[in-house]
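Numbering (my numbering), first residue to last: -7 to 351.
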């Protein structure tokens, strides 16, 4: 997830005006029949019918505080991702002092409810602990020590959850919008080899976990797509254990749906990679209208259909499932209602549209 708004993230041309009949199609049309002969009752059933994981990001404070949120989470989803609890600043706010309670809570709840866990994330340019960034900036942490710190961080976190994490986002958002490698402290001080190192360290710590590159705007941004493809080709040619690509999937209905997304997924699948949609949401300019909800429903269902059209599609995760708790209003002024359930946990047309998707 992007922690701050960027112009590149707004992107794409405005969507064409929606005709009212789209709403009727979403709300009135019967769901397509599955091979099993019936439409699933919830997302967990949908996941089992399609043989993929359907997941959500989890806010651990809300998980603890709100029984209805917790009950919905456990009923609907087969996969979970800690929204922030596994990020570096959360687990090691002071050097050498680990705070595992929040991350453990997400993993423990998932295991009690038969859910898989996506680890998010090991290496990112954001949400790093202050002791690390300040140490690099003031020179008290040199490049050799920084590499050791990164190795120890990855090894410690992955080992703690060995056998409990299905997949890890090893590197998150490592390619810029113009197709160059992101100018992070990692690239500046360790060089591009840090990416291969991160995957090798993670694999050594848990040889059975699937290891992913995760990024945003891979649905449509050509320079970013080409660089990421080349990066992964090069890594795999070196024997680096890269197993999958994560498409974040943060969309907005005021922009065209990325119509070539399925083909982009296939290009990555052709490298032998698993495909996952890892952070799906579809925001809109407020206020909410029935027409906007219909368009949103179409975007969600198209995204799931695109993923299912690729043989190696393994996961479809939404970045929060209720408008009661969504990151969108805090980062996109005047926008919101991005989730598949409303603030009262009632299903929106987007939820019903997902249940209607078939391969």
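All residues carry an ideal CB built from backbone N, CA and C; glycine is no exception. Since the structure is predicted, the reported quantities are computational estimates derived from the model, not experimental observations.
The Cβ atoms of residue 120 and residue 68 lie no closer than 7 Å to each other. Counting only runs of 4+ residues, the alpha helix (DSSP H) found wholly inside the stretch 211 to 254 occupies 214 to 229, in chain order. Put simply, the backbone Cα of residue 234 is about 7 Å away from that of residue 224. Counting of Cβ neighbours within 10 angstroms places residue 263 among the exposed residues, the total staying below 16. Annotation: residue 112 is outside any alpha helix (DSSP H); the continuous beta strand (DSSP E) that includes it extends over 108 to 115. Residue pairing from DSSP places residue 268 in a beta bridge opposite 238, 307.
Here the stretch 107 to 115 lies against the stretch 147 to 165, with 3 or more beta-carbon pairs under 8 Å apart. Only residues of its own chain outside the window of five on either side were considered, and among them 227, 230, 232 have a CB closer than 8 Å to the CB of residue 188, listed in chain order. Nearest Cα to residue 240 within the set 247, 271, 257, 222: 271.
For residue 202, no alpha helix (DSSP H) run applies; the uninterrupted beta strand (DSSP E) run containing it begins and ends at 202 to 207, by DSSP. Across the structure, residue 322 and residue 291 are spaced so that their CA atoms are roughly 22 Å apart. When DSSP assignments are scanned along the stretch 104 to 188, the uninterrupted stretches of alpha helix (DSSP H) that are 4 or more residues long and fall wholly within it turn out to be 122 to 130, 135 to 152, 177 to 182. Around the beta carbon of residue 284, a 10 Å sphere encloses 16 or more other beta carbons of the protein chains shown; the residue is thus reported as buried. Residue 339 is positioned such that its CB atom lies closer than 7 Å to that of residue 333.
Residue burial annotation: residue 325 is exposed, with fewer than 16 other C-beta atoms found within 10 angstroms of its C-beta.
In this structure, the CA atom of residue 268 is about 35 Å from the CA atom of residue 127.
Counting the other Cβ atoms within 10 Å of the Cβ of residue 288 gives 16 or more, which makes it buried. By the beta-carbon neighbour count (other beta carbons within 10 angstroms, threshold 16), residue 51 is buried.
When secondary structure is reduced to three states using DSSP, residue 45 falls in the strand class. With fewer than 16 other Cβ atoms inside 10 Å of its own Cβ, residue 103 counts as exposed. The beta carbons of residue 139 and residue 193 sit no closer together than 7 Å.
One thing to note: residue 98 has its Cβ no nearer than 7 Å to the Cβ of residue 122.
Secondary-structure assignment with DSSP links residue 275 through a beta bridge to 244. Collapsing the DSSP output to three states places residue 88 in coil. Its chain contains 42, 300 as the residues whose beta carbon lies nearer than 7 Å to that of residue 351, once the 5 sequence neighbours on both sides are disregarded; these appear in chain order. Taking every protein chain shown into account, the CB of residue 148 has fewer than 16 other CB atoms within 10 angstroms, so this residue is exposed. Cβ contact annotation for residue 315 (same chain, cutoff 6 Å, sequence separation greater than five): 329, 331, 334, 335, in chain order. In this structure, the alpha-carbon of residue 36 lies about 9 Å from that of residue 66. As computed with DSSP, residue 339 is found in a beta bridge with 333.
With fewer than 16 neighbouring CB atoms inside 10 Å of its own CB, residue 199 falls in the exposed class. Counting other Cβ atoms within 10 Å of its Cβ, residue 175 stays below 16 and is therefore classed as exposed. Under the three-state reduction of DSSP output, residue 34 falls in the coil class, being neither helix nor strand. Under the three-state reduction of DSSP, residue 322 is assigned to helix.
Residue 48 and residue 310 do touch by the CB rule: their CB atoms are close to 5 Å apart, below 8 Å. Here residue 154 is exposed. Its C-beta has fewer than 16 other C-beta atoms within 10 Å. Separation of residue 294 and residue 256 (C-alpha to C-alpha, rounded to the nearest whole angstrom) is 14 Å.
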